[in-house]
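Written out below as structure tokens is the structure these notes cover.
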Amino acid sequence: MAEIVPWLSRVRLPISTPRLDLRLPTQEDLPDLRRSFRDRRTARAVGASLHSDAERKDPAIMVQRTRREYRAGEHLSLSVIHRDEGRCIGRVGLRGLDWRWRKVESLSYWIDPRYWDQGLATEASWYLCRAAFGPLRMRRVASQALDRNAASLAVLRRLGFVEEGRERRSVCVRGRCMDMILFGLFPNELREFPREGRAQERKGARADESATGPGRARR
Ligand SMILES: CC(C)(COP(=O)(O)OP(=O)(O)OC[C@H]1O[C@@H](n2cnc3c(N)ncnc32)[C@H](O)[C@@H]1OP(=O)(O)O)[C@@H](O)C(=O)NCCC(=O)NCCS
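Heads up: take any position in the sequence shown, counting from 1, add 2, and you land on the working numbering.
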């Protein structure tokens, strides 16, 4: 443990991006987290993959767990703070820090639905990947997304993640089984910081689609 924590503390927190501060969660985030978790779209996504039911009901448990995992050098999970609004709008994390092989098992993220399609998950994730390959000296970052989670797949591809495989019928929710797409990223593959997103353009196109028929499903 003594070898691990000094490496993790090389990432200076907060990580500041053009619009966000990424920092360890605190009690101050609890009202925002509770409000996000009340949204059915967040609850479904983060409940299925990122947090237990108990943590969704009481985000204080998640805050404590995150800080414990950070001290142990196991995971780096950060609150996403919208600087202009001064509120916590999501989480981004490097889960499963493998110090022996210098790789990260999973880049993970969620953003409050009211802030979707503004390029914020991409922005937070890009800076976190840069920290992984910079101060943390990781060789590789992996991630996964369900094949029907179009937004998550778009974030990973935009960052430069390369598709490496597919776990067929890996996750079953309410009797419906979905494939999990596996991705990996090496330092030379991380794209330039993606300034101009196509999010707004696509958002317009999806609004047109929803006027005429069903859009693509998200997780
Ligand atoms: C996945 C998630 C984090 C994306 O957050 P976000 O801040 O909206 O992401 P960004 O705005 O940075 O990028 C979204 C991309 O998805 C695209 N997108 C969004 N919805 C889409 C859809 N239905 N079909 C196709 N593309 C879509 C956007 O156009 C954008 O791509 P672009 O930058 O190339 O234009 C957010 O949807 C979320 O929190 N989902 C629930 C949790 C989750 O699924 N987490 C990931 C798995 S653990």
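Backbone N, C-alpha and C define an ideal beta-carbon position, used for all residues, glycine too.
Since we're looking at a predicted model, the values are computed, not measured.
Between the alpha carbons of Asp31 and Glu76 lies a gap of roughly 22 Å.
Annotation for Arg58 indicates a beta carbon at 7 Å or more from all heavy atoms of ligand 1. The straight-line gap separating the alpha-carbon atoms of Ala74 and Asp41 is approximately 31 Å.
Gly186 has Ala144 and Val164 as its beta-bridge partners, per DSSP. Counted as a single uninterrupted DSSP element, the alpha helix (DSSP H) harbouring Arg69 occupies residues Pro61 to Arg73. Comparing C-alpha distances from Met180 to each of Asp149, Leu22, Asp23 and Pro33 shows the shortest one belongs to Asp149. For Tyr111, the enclosing beta strand (DSSP E) begins and ends at Lys105 to Ile113. At a cut-off of 7 Å, the beta-carbon of Trp128 does not count as near ligand 1: no heavy atom of the ligand is closer than that. Assigned with DSSP and collapsed to three states, Leu26 falls in coil, not helix or strand. Taking a contact to require three or more Cβ pairs closer than 8 Å, the segment 60-73 and the segment 109-125 do not qualify as touching. In the structure shown, the three-state DSSP call for Val157 is helix. Comparing alpha carbon positions, the residue from His84, Arg193, Val175 and Glu169 closest to Leu184 is Glu169. Within the same chain, and ignoring the five residues on either side of Pro20 in sequence, the residues whose Cβ sits closer than 8 Å to its Cβ are Glu125. Taking 8 Å as the upper bound for CB-CB distance, Thr44 and Pro115 are in contact here, some 6 Å apart. For Pro33, the number of other beta carbons within 10 angstroms of its own is below 16, and it is reported as exposed. One thing to note: Val82 has its Cβ within 8 Å of the Cβ of Val94.
Each residue's CA atom was taken as its position, placing Leu96 and Asp23 some 16 Å apart. Checking the 7 Å criterion, the Cβ of Arg150 is out of range of every heavy atom belonging to ligand 1.
In the structure shown, Asp100 adopts extended strand secondary structure according to DSSP, grouped into three states. With a cutoff of 8 Å on beta-carbon distance, Tyr111 and Gly92 are scored as near each other.
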